[in-house]
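Reviewing the structure listed below.
Number of protein chains: 4
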Amino acid sequence: MSATPDAWPDLAGRIIDDETGRRHVLPVRVYFEDTDAGGIAYHASYIRWCERGRTDFLRLLGTDSRRLIDGSASHEPAAFVVRRMSCDFLRPARMDDVLIVETRVKELGGASVTLLQMVLNEARRVFEAEVTVVLVAVSGKPVRLSTAVRSAFAQADQGKVLGIGGTKA
Amino acid sequence: MSATPDAWPDLAGRIIDDETGRRHVLPVRVYFEDTDAGGIAYHASYIRWCERGRTDFLRLLGTDSRRLIDGSASHEPAAFVVRRMSCDFLRPARMDDVLIVETRVKELGGASVTLLQMVLNEARRVFEAEVTVVLVAVSGKPVRLSTAVRSAFAQADQGKVLGIGGTKA
Amino acid sequence: MSATPDAWPDLAGRIIDDETGRRHVLPVRVYFEDTDAGGIAYHASYIRWCERGRTDFLRLLGTDSRRLIDGSASHEPAAFVVRRMSCDFLRPARMDDVLIVETRVKELGGASVTLLQMVLNEARRVFEAEVTVVLVAVSGKPVRLSTAVRSAFAQADQGKVLGIGGTKA
Amino acid sequence: MSATPDAWPDLAGRIIDDETGRRHVLPVRVYFEDTDAGGIAYHASYIRWCERGRTDFLRLLGTDSRRLIDGSASHEPAAFVVRRMSCDFLRPARMDDVLIVETRVKELGGASVTLLQMVLNEARRVFEAEVTVVLVAVSGKPVRLSTAVRSAFAQADQGKVLGIGGTKA
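Same order as they appear, the protein sequences are chains A, B, C and D.
In terms of the working numbering, the numbers along the first sequence are unbroken and rise by one, the last being 167.
In terms of the working numbering, the numbers along the second sequence are unbroken and rise by one, the last being 167.
In terms of the working numbering, the numbers along the third sequence are unbroken and rise by one, the last being 167.
In terms of the working numbering, the numbers along the fourth sequence are unbroken and rise by one, the last being 167.
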């Protein structure tokens, strides 16, 4: 069984562009590892799922995390780290549920991206978050987004991003 | 080697009451499980550590989570679930670091508690969050905090809580 | 974006039946959450991935875990718990790798199933394990596999299972 | 609240040497993050707890993991990775339980250590494992244990280790 993208075409989710805007969607299944003794999905599981969504969004835009870490996608080895996150847990999710993680670009800064993420369970919103990630070098210093990364995200944000090149971290 | 509280007196942290206010402190070590390929603590690890802090604060106040789940600490089986969380990731933490999770009561609602939590690394703040948890029954319905739980938290909040018995969820 | 099986046909992997035998295959991506400061996949991540494989194998055989827990798939609420596991970690896996988890039935006992699981990275074996799981009721007592579960697994094991109904736990 | 070892003297557990042999003991609390929807501790949690035990054993022997990774504790940057593990899950553990992780050296190889680990719940064994870890350089090559690491472990194994300097990986 091959592990090529062809064999599992949707493994990194899909980028959708319709009347409700451009966004990345990724299905995640709730497994035992994601639940807790309360019988529902553990709250930190949503944080992990959102990170999968952001990582795969970036992947479909053409840049995977390892290329960033290796430095082959920018001037020096770097990684996106979470700087700020605000989350609302709206409804519980349960074992075996199939959830959809939706990720949209809200705003691009010089070295940062702010994303809106939500988790849906059969079209009902169960979680939503605004997350700001910063591209940071091994040294700990913020790294300016490369033109490639920037235009990929900007494309995903189709014109709504007026703040490109702004001064936000 | 006994596992009694006497054998490991600080396992659930300590409640401290000094000039900077009443709060719960819990040390956590950064292990491999908490780190990621970026070489630093994974961001969702802070969410897990804060949950440990809240759970042990409640424990030292006299109520452990299993008694809530069993229903022996309230009228029906219940658990605190996270409703809202806003987090700032200020500095990275690394493998082997000893961090301190500080938890303070900010506000008591009818069925909820809002806490201020921060994670310190040698007195430097590396993470801070405001977290609202709600006591929820198995049915999914919010459960009014029992007098015991309420007075324990209120005591921890020593007089700053004017909103006790308020209408917030 | 719908979360129906049709929308994401391979989300639970596939059951394959060819010259190398009947088995379940599930792709898993290595995300930041799965890695550690050593720069590779954390060893306990393989344990979680194998559990996903077993859960989805069972799902494609017609029984999801929630139905077991609810009691709707057997006489009483029950869940498969791991009793014994022996694991070889053969090669490291890294951030962004796409791995394949393969699961085969080795042997059926009265209340247990022994599975052979391996994790492949581009056809190279990186991990293998033999795992025995037991169906256990809420009371903690082993529960005899229902005819439906048994025949589903036996089918997956196509005739090699002579020990059906045996005395193994 | 200081994070110095003095402030939390038992944070890395203790090394005990009595009639049942020399071993490291570490208390771990079962938190929500460690449980699953079956209401008990998730099986991979034991794997994480054992890793904490090994890491803290090494720490009390004088070598922390970051010094290994940095290369300051050996000739080149290295880390202990798990090569083989066999585990028996004997009894369930539950939310709020205080468990003790016991770790003993079974055998020292040239680049490897085999450990016996068990998890106790009020003196009853709930989990046991034999775990072989190998010291591996960034290059992926096994690294011969330094004299310091070797003698620390050998001391922990007090004379039972005849195979020091042997040919095992």
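Quick reminder that beta carbons are idealized off the backbone N, C-alpha and C, glycines included.
Please read these numbers as outputs of a predicted model, since none were measured by experiment.
Under DSSP, residue 23/A shares a beta bridge with 12/A and 100/A.
In the same chain as residue 69/B, and ignoring 5 residues on each side of it, the C-beta atoms closer than 8 Å to its own belong to 75 and 76, in chain order. In the DSSP assignment, residue 42/B falls within the unbroken alpha helix (DSSP H) covering 41 to 58. In the three-state DSSP reduction, residue 31/B falls in the helix class (H, G or I). The DSSP-derived three-state label of residue 89/B is coil.
Using beta-carbon distances, residue 83/B does not count as an interface residue toward chain D, since no partner is under 8 Å.
Contact annotation for residue 86/C against chain D: 82 [CB-CB distance below 7 Å, chain order]. Residue 79/B sits away from residue 111/B, with the two beta carbons spaced by 8 Å or more. Distance check between residue 28/D and each of 90/D, 7/D and 12/D places 90/D closest, using alpha-carbon atoms only. Close to residue 49/A, with beta-carbon spacing below 8 Å, lies no residue of chain D; the smallest spacing is near 16 Å. Annotation: Cβ neighbours of residue 93/D in chain A (cutoff 8 Å, chain order): 35. Taken in chain order, the members of the segment 12 to 36 of chain A whose beta-carbon sits within less than 7 Å of a beta-carbon on chain C are 14, 23, 25, 27, 29, 30 and 31. Rounded to whole angstroms, residue 143/A and residue 97/C show a C-alpha spacing of 30 Å. Closer than 7 Å at the C-beta level to chain B, one finds these residues of the segment 53 to 77 of chain A: 67 and 77. About 5 Å separates the CB atoms of residue 62/B and residue 94/D; that is less than 8 Å, so the two are in contact. Per DSSP, the unbroken beta strand (DSSP E) holding residue 114/B starts and ends at 110 to 119. Residues of chain A with a Cβ closer than 8 Å to the Cβ of residue 147/B do not exist; the shortest Cβ-Cβ separation is about 17 Å. For residue 44/D, no Cβ of chain A is located within less than 8 Å of the residue's own Cβ. Interface criterion met: the Cβ of residue 96/D is under 8 Å from a Cβ in chain B.
The segment 30 to 47 of chain B and the segment 31 to 48 of chain C touch, with no fewer than 3 CB-CB distances between them shorter than 8 Å. Take residue 150/B, set aside five residues on each side of it, and the residues of its chain with a beta-carbon closer than 6 Å to its own are 59 and 60, in chain order. For residue 122/D, the enclosing beta strand (DSSP E) covers residues 122 to 135. Residue-level contact by beta carbon holds for residue 9/B and chain D, with a gap shorter than 8 Å.
Below the 8 Å Cβ cutoff, chain D contributes 90 as neighbours of residue 138/C, in chain order.
The three-state secondary structure of residue 5/B, taken from DSSP, is coil. By the Cβ neighbour-count rule, residue 43/C is buried, with 16 or more other Cβ atoms within 10 Å of its own.
Neighbours of residue 79/A across chain B, judged by C-beta separation under 8 Å: 36, 38, 41, 87 and 90.
Spanning the alpha carbons of residue 86/C and residue 55/A requires a straight line of approximately 33 Å. Beta-bridge pairing by DSSP links residue 105/B to 112/B.
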